[in-house]
Each structure stands twice: as structure tokens, then as C-alpha cells.
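Residue numbers for the sequence shown follow the working numbering, so the first one is 91 and each next one is one higher.
By construction, the Cβ of each residue, glycine as well, lies at the ideal position given by its N, Cα and C atoms.
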Amino acid sequence: MEFQAKTSSPVALRSGFLVLPVFEKGELPAVTAAVDKACGGQISKLIKQGDVEGTLAEVCSLPQLEGCAAQRILLLGFGKKKEAISGDDFDKAIKKAAASVKSSPAKDVAVAIAEVAVKDRDEAWKARHTAKLFGDALYKVNAQKSGNGKVIALKKGFYCCDSKKTSAINSALATGTAIAKGMALCKDLGNLPGNICTPTYLSNEARKLARGNSKLTAKILNEKQMRELKMGSLLSVAAGSDEEAQLIVLEYKGGAKTAKPTVLVGKGITFDSGGISLKPGAAMDEMKYDMCGAASVLGTLKTVVELALPINLVVIVAAAENMPSGRATKPGDIVTSMSGQTIEILNTDAEGRLVLCDALTYAERFKPKAVVDVATLTGACIVALGNHTSGLYSNSDELAQKLFDAGIKAGDKAWHMPLWDEYQKQLDSNFADIANIGTPGAGSVTAACFLSRFTKSYDWAHLDIAGTAWTGGAAKGASGRPVSMLVEYLLQHA
Ligand code: BES
Ligand code: MN
Ligand code: ZN
91 MEFQAKTSSP VALRSGFLVL PVFEKGELPA VTAAVDKACG GQISKLIKQG DVEGTLAEVC
151 SLPQLEGCAA QRILLLGFGK KKEAISGDDF DKAIKKAAAS VKSSPAKDVA VAIAEVAVKD
211 RDEAWKARHT AKLFGDALYK VNAQKSGNGK VIALKKGFYC CDSKKTSAIN SALATGTAIA
271 KGMALCKDLG NLPGNICTPT YLSNEARKLA RGNSKLTAKI LNEKQMRELK MGSLLSVAAG
331 SDEEAQLIVL EYKGGAKTAK PTVLVGKGIT FDSGGISLKP GAAMDEMKYD MCGAASVLGT
391 LKTVVELALP INLVVIVAAA ENMPSGRATK PGDIVTSMSG QTIEILNTDA EGRLVLCDAL
451 TYAERFKPKA VVDVATLTGA CIVALGNHTS GLYSNSDELA QKLFDAGIKA GDKAWHMPLW
511 DEYQKQLDSN FADIANIGTP GAGSVTAACF LSRFTKSYDW AHLDIAGTAW TGGAAKGASG
571 RPVSMLVEYL LQHA
């Protein structure tokens with residue numbers, strides 16, 4: 091969906107759906123008052139009758155009104171007029187509006203919310219979020235269902251603004267649209283089943299991203315090449331699977347030759363059965379989502395490429411399938427990682443850290459400015475933070491702060507968790523340098539501690555997205571997180 095700035099009066103603007111703000115106590119913003127006046131006071135009449143209260147995220151859909159060019163009007167509540175709302179509340183209201191417009195026959199939408207004040211946010215932020223949230227709402231699952239689903243008519247958006255702001259708003263709208271595209275790729279890959287989205291499928295997707303773009307190169311390492319690099323830990327995860335593991339390396343050079351790259355590393359377990367430490371059967375299908383870290387770093391790269399950002403970015407995906415078989419790794423096995431550290435594998439279901447540690451060692455060769463890994467790493471992170479917030483760990487408080495702030499600004503939040511030394515000894519092994527699971531307690535922290543043993547030579551952060559990467563239950567589907575946080579971080583700091 092394309093969004094563009096519009097400076098004409100909303101009264102005269104021909105659109106399929108015009109979104110107009112309303113506040114509590116019948117206090118109308120000037121734009122809504124102007125439409126109301128042009129339509130003979132029909133809006134204020136509804137307010138007086140009590141049909142519209144203006145509470146946050148309230149929606150009221152009206153058919154075409156005589157005097158206003160729009161085919162439909164959506165009154166959208168933003169709470170009290172004199173109070174600036176929070177970014178989260180703004181997102182909540184826009185999401186509701188997008189859902190209403192999406193389910194209508196409107197082919198385009200005009201949003202006239204210049205008078206809505208958001209705390210600490212400017213007009214460009216509002217425009218970016220509007221484009222992103224509308225774009226994201228239009229996402230359609232690429233489901234393997236026969237027959238055609240409901241056709242969505244909405245194709246185009248207009249963001250009403252002051253003529254002085256046109257170019258700033260257009261650029262913010264383009265950013266928002268590109269983020270939605272990155273999220274859509276992330277969701278598409280996440281939602282695909284494990285029999286289609288294999289490690290090889292992911293590597294072909296990576297090649298597709300790089301095709302025809304001279305700034306982007308894809309390099310795929312197969313198991314033989316990984317063996318030469320001594321990636322014994324990553325390979326131990328793939329040992330039980332008939333699918334060949336892949337280390338996907340995408341290099342985007344949009345910045346100065348000498349500028350150090352940011353490296354994003356994604357966990358790409360295309361199906362996590364648990365291996366010999368087999369998972370219980372309930373909801374095991376959801377372990378097709380165990381490559382959502384990989385999907386999110388590929389989605390982020392997609393956005394960066396769309397926007398041709400002037401940065402250097404490396405994306406590494408450690409892709410493998412975790413399966414039991416006669417050749418599978420067994421509890422008690424000891425493997426040697428690329429770093430030389432030996433690992434006692436006490437539980438083959440703690441496989442994410444085993445593929446990530448070798449990818450993180452591989453990342454050293456890029457002399458990175460910072461490395462951020464993204465992984466559906468632990469059920470314990472869901473116990474700690476539920477489904478709203480990703481876990482954030484870092485060996486640099488400064489980097490953690492930047493990612494935290496990016497999460498807040500993007501409405502894609504993470505909480506800074508401890509990575510203190512006290513936890514490290516939970517990973518002691520009698521037989522190897524480190525065990526792949528910790529003693530009971532703080533499972534998300536000890537998983538991050540494990541990774542920290544491999545990231546000593548650079549600034550590093552880890553995002554545990556086990557609780558945020560997808561929604562279960564009836565509305566099962568990938569969320570597209572944390573693409574928008576990562577893009578925000580890259581826009582600010584890369
Ligand atoms: N992919 C899982 C983590 C997970 C579980 C993510 C549920 C989202 C929902 C990971 O590979 C795993 O199995 N972790 C184990 C670690 C344990 C064996 C130390 C876990 O969390 O139970
Ligand atoms: Mn597992
Ligand atoms: Zn896993």
C-alpha cells in the first residue's frame with residue numbers, strides 16, 4: 091500500500107474513507123468542525139445524541155455525507171483534547187481505524203490527524219506510524235489454502251498535512267511503508283510450514299533478496315564449508331535432520347567503505363522438535379516459528395534495501411532443523427564450537443544457542459560496530475515477560491539503552507534484563523568448558539549468558555523474542571516483530 095502527503099482540504103478530498111479525529115466532551119478539532127459545517131452539522135448532531143463520545147480508539151463509521159467529497163467517514167476517538175496522548179495510545183487508535191477501513195469496500199483512505207498531539211513525537215513520527223500500521227493491517231497470510239480469500243480493496247493512502255511539511259511527510263510515509271514490507275516478509279517466512287520453509291528455502295530467499303542489487307551480496311555456506319570452519323556446535327544441531335544446515339551471510343554496503351558494519355544474527359531453526367530431548371506434542375506445530383529471529387533480520391534487511399539506507403549492514407542466519415534420529419546429537423555429547431570452547435550438550439532442545447554461538451564467532455570477521463542477535467530462544471523468557479515484551483540483554487549498557495529506546499519509539503518494546511556474572515556459574519560443566527543448559531532458575535538469563543561467552547570481542551546485544559514473534563490460539567500468526575524496533579535502531583545509530 092502506497093501512502094502520500096495531501097495538502098488539499100479534507101472537505102473536498104475525494105477518497106473512499108476519510109478518517110477524522112474526535113475528542114471527548116464534543117470538542118471538535120478544526121478539520122472535523124470544517125467537515126461538520128460543510129455537512130450541515132451532521133457530525134455534531136451525532137455527538138450531541140451520544141452516538142460518539144471521542145474516547146480513545148473509539149470508531150464510528152458514517153456513510154457518505156452531503157457536502158463532503160469522501161465516500162465514507164470514520165470518526166476516530168483520541169480522548170481528551172487538551173492532553174497529548176502516548177505513542178502507544180496513538181498506535182492503538184490507528185490500528186482500530188485500519189481494521190475498520192480494511193473491512194470496508196474503500197479503495198483508498200485519507201487520514202486527517204494533524205491536530206492530534208502525541209507526547210514527545212512529531213508529525214513525521216505520526217505519519218511513519220500511520221503508514222506502517224495501515225500497511226501491516228493489510229497483511230494477508232500467504233496460506234496454502236485452496237480457493238481465494240476475501241479480496242481487500244484498500245490500495246492507497248493519503249496523509250493530510252500542511253503544505254510546508256509535504257516532503258518531510260512523504261519521506262516519513264515511505265519509511266513506514268518500507269517497514270510494513272519488511273514485516274510482511276518476516277511474517278510470510280514465519281508462517282510458512284516447516285516442510286516448505288527449510289534451511290535451503292531460507293537460503294534461496296536470501297539469494298532472491300540480493301538478486302539485482304549491486305549493494306547486496308549473498309553468500310551461503312553449506313555443511314561442508316561449516317565443517318572446514320570448525321562450526322561443530324551449529325552442525326551438531328543439524329546432525330539428526332535430513333535437511334542440510336545453511337549459514338546465510340548477506341552483506342549490504344550502502345555506507346562509506348570504511349564504516350564498520352552493524353551485524354544482525356538470526357536464529358533460523360526451521361523446525362524445533364527438541365531433538366532427542368523431544369518436546370511434548372501439544373502445540374509442537376508452533377515450533378515452525380523457531381526461525382522467526384532469522385525472518386526478522388531478513389525482514390529488516392528488506393526494509394533497509396527498500397529505503398537504500400546509507401549504512402553498512404551484515405545479516406547472518408544460522409539455519410538448521412532440529413530433529414531426532416539415529417545420527418542425532420544425544421544428551422551428554424560434547425562438541426567443539428568454532429571459538430574452540432567445548433560444550434556439553436545436556437539437552438538437545440537448547441539448540442538455539444548452539445547454532446547462534448558459531449554464527450556469533452563468525453561475525454567477528456566483519457569487525458562490527460555492534461552485533462545484535464534475534465532468537466526465539468527460551469520458554470523462560472515468556473514466563474518472565476509474557477507476550478508483550480521481548481527480552482533484551484547486552485554486554486554494553488549503551489547499546490542496550492539504544493535498543494530499548496528504539497523499541498519504545500517503534501512501539502515494539504523490549505525490557506533490559508540482567509546479564510550479571512553471578513548467573514554464569516549456572517552453566518558450569520564437569521566435562522566441558524560450558525554446559526548448554528543452566529541449573530534451574532532464570533532460564534532466559536542463562537541462555538543469554540551462554541551466548542555472552544562467544545561475544546567478548548565486540549559490543550553485542552541479544553533479543554529473546556520467544557514471547558513476541560508470533561501469536562498462538564485462534565489468531566495464530568507471526569507478528570513481524572522486532573523488525574520495526576531494529577529499523578528504528580538502524581535509522582538512529584548505524
Ligand atoms: N525454541 C525453543 C524456545 C521456545 C519455546 C520459544 C516455546 C517459544 C516458545 C528453544 O529451542 C527451547 O526449546 N528452549 C528450551 C531450553 C531449555 C531446554 C533449557 C526451553 O525454553 O524449554
Ligand atoms: Mn529447542
Ligand atoms: Zn528452539
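1) Any heavy atom of the ligand ZN inside 7 Å of the beta-carbon of Gly442?
2) Flag this pair as yes or no: are the beta carbons of Ala296 and Leu340 separated by less than 8 Å?
3) Would you kindly report the start and end of the unbroken alpha helix (DSSP H) that includes Gly225?
4) Asn520: buried (16+ other C-beta within 10 angstroms of its C-beta) or exposed?
5) Measuring only from the beta carbon, is Thr466 closer than 7 Å to any heavy atom that is part of the ligand ZN?
6) Distance check for Lys185 and Lys546, CA to CA, integer angstroms please.
7) For Thr360, collect the residues of the same chain with a Cβ closer than 8 Å to its Cβ; drop the 5 residues on either side in sequence, then sort them by chain order.
8) With H, G and I counted as helix, E and B as strand and the rest as coil, what does DSSP make of Leu436?
9) According to DSSP, simplified to helix, strand and coil, what is Phe456?
10) Exposed or buried, what is His478 when buried is set at 16 or more other beta-carbons lying within 10 Å of its beta-carbon?
11) Rounded to the nearest angstrom, what separates Val535 and Met507 at their Cα positions?
12) Counting C-beta neighbours from all protein chains within 10 Å, is the total for Asp178 16 or more, i.e. buried, or is it exposed?
13) Shorter than 7 Å, the distance from the beta carbon of Lys294 to the closest heavy atom of the ligand MN, or not?
14) Figure out for me which residue from Pro351, Leu166, Gly345 has the closest Cα to the Cα of Lys459.
15) I believe Phe544 touches Cys447 by the beta-carbon criterion, under 8 Å. Please report the beta-carbon distance rounded to the nearest angstrom.
16) Just verifying my parser: in three-state terms, what is the DSSP assignment at Arg301?
17) Which residues mark the beginning and the end of the alpha helix (DSSP H) in which Gly344 is found?
18) Start and end of the beta strand (DSSP E) containing Gly280?
19) For Ser190, I'd like the list of residues in its chain whose CB is within less than 7 Å of its CB, leaving aside the five on either flank, ordered along the chain.
20) Are the beta-carbon atoms belonging to Phe93 and Gly247 less than 8 Å from one another?
21) Say yes only if the C-beta of Ile203 is nearer than 7 Å to one or more non-hydrogen atoms of the ligand ZN, and no if none qualify.
22) If you count every other CB in all the chains shown that lies within 10 Å of the CB of Gln154, and 16 or more means buried, which is it?
23) Quick check for students: name the residue ranges of the alpha helix (DSSP H) that lie wholly in the stretch 451-500, counting only runs of 4 or more.
24) Checking 8 Å against the spacing of the C-beta atoms, do Gly497 and Ser427 come in under that value?
25) Taking 7 Å as the line, does the beta carbon of Ile472 fall inside it for any heavy atom of the ligand ZN?
26) Should the stretch 364-378 be called in touch with the stretch 390-398, which here means at least 3 C-beta pairs below 8 Å?
27) As a quick exercise: from Gly157, Ala120, Gln234, pick the residue whose alpha carbon is nearest that of Gln132.
28) Can you find a heavy atom of the ligand BES that lies under 7 Å from the Cβ of Gly592?
29) Just the C-alpha distance for Ala384 and Ala183, rounded to the nearest angstrom, thanks.
30) Helix, strand or coil: which one does DSSP assign to Leu354?
31) Would you identify the three-state DSSP class for Ala537, choosing helix, strand or coil?
32) In the DSSP assignment, the alpha helix (DSSP H) including Gln94 goes from what residue to what residue?
33) Go to Val101, then tell me how far its beta strand (DSSP E) extends in each direction, as first and last residue.
34) Cβ of Ala556 within 7 Å of any heavy atom in the ligand BES?
35) Can you name the residues that DSSP bridges to Ala409?
Straight from the coordinates:
1) Placement of the Cβ of Gly442 at a distance of less than 7 Å from at least one heavy atom of the ligand ZN is found.
2) Cβ distance < 8 Å, so Ala296 and Leu340 count as in contact.
3) DSSP places Gly225 in the uninterrupted alpha helix (DSSP H) bounded by 213-227.
4) Counting Cβ neighbours within 10 Å, Asn520 comes out exposed, since fewer than 16 surround it.
5) For the ligand ZN, a non-hydrogen atom lies closer than 7 Å to the CB of Thr466.
6) The straight-line gap from Cα to Cα measures roughly 41 Å.
7) Leaving aside the five residues that flank Thr360 on each side, the residues in its chain whose CB is nearer than 8 Å to its CB run, in chain order, Gly284, Cys287, Thr288, Pro289, Tyr291, Leu292, Glu333, Lys378, Asp380, Met381, Ala409, Ala410, Glu411.
8) Here Leu436 sits in coil by DSSP.
9) Phe456: helix per DSSP, three-state reduction.
10) Exposure of His478 is indicated by the presence of fewer than 16 other C-beta atoms within 10 angstroms of its C-beta.
11) Near 7 Å, if we compare the C-alpha coordinates of Met507 and Val535.
12) The residue is exposed, with fewer than 16 neighbouring Cβ atoms inside 10 Å.
13) According to the sequence provided, residue 294 is Asn. The question's Lys does not apply to it. With a threshold of 7 Å, the Cβ atom of Asn294 does not count as near the ligand MN, since no heavy atom of the ligand is closer than that.
14) It is Pro351 whose Cα lies nearest to the Cα of Lys459.
15) So it is a contact: roughly 4 Å between Cβ atoms.
16) Reduced to three states, the DSSP call for Arg301 is coil.
17) Element bounds for Gly344: n/a, residue is neither H nor E.
18) It is not in any beta strand (DSSP E) - Gly280 instead sits in the alpha helix (DSSP H) that spans 256-281.
19) Hits under 7 Å: Val149, Ser151, Leu164.
20) Pairing Phe93 with Gly247 gives a Cβ-Cβ distance under 8 Å.
21) No; taking the cut-off as 7 Å, the Cβ of Ile203 has no heavy atom of the ligand ZN nearer than that.
22) Per the 10 Å Cβ criterion, exposed.
23) The stretch 451-500 contains these whole alpha helix (DSSP H) runs: 469-475, 487-500.
24) No, the Cβ-Cβ distance between Gly497 and Ser427 is not below 8 Å.
25) False, no ligand heavy atom lies under 7 Å from that Cβ.
26) At 8 Å Cβ cutoff, the stretches do not touch.
27) Among Gly157, Ala120, Gln234, the Cα nearest to that of Gln132 is on Gly157.
28) Any answer about residue 592 is impossible in this case: the structure gives the chain only from 91 up to 584.
29) Going by the C-alpha atoms only, they are around 30 Å apart.
30) DSSP places Leu354 in strand when its eight states are reduced to three.
31) Residue state, collapsed to three classes: helix.
32) No alpha helix (DSSP H) contains Gln94, which is instead part of the beta strand (DSSP E) from 92-96.
33) Per DSSP, Val101 belongs to no beta strand (DSSP E) and is neither H nor E.
34) At least one heavy atom of the ligand BES is nearer than 7 Å to the Cβ of Ala556, so yes.
35) DSSP lists Gln336, Gly358 as the bridge partner or partners of Ala409.
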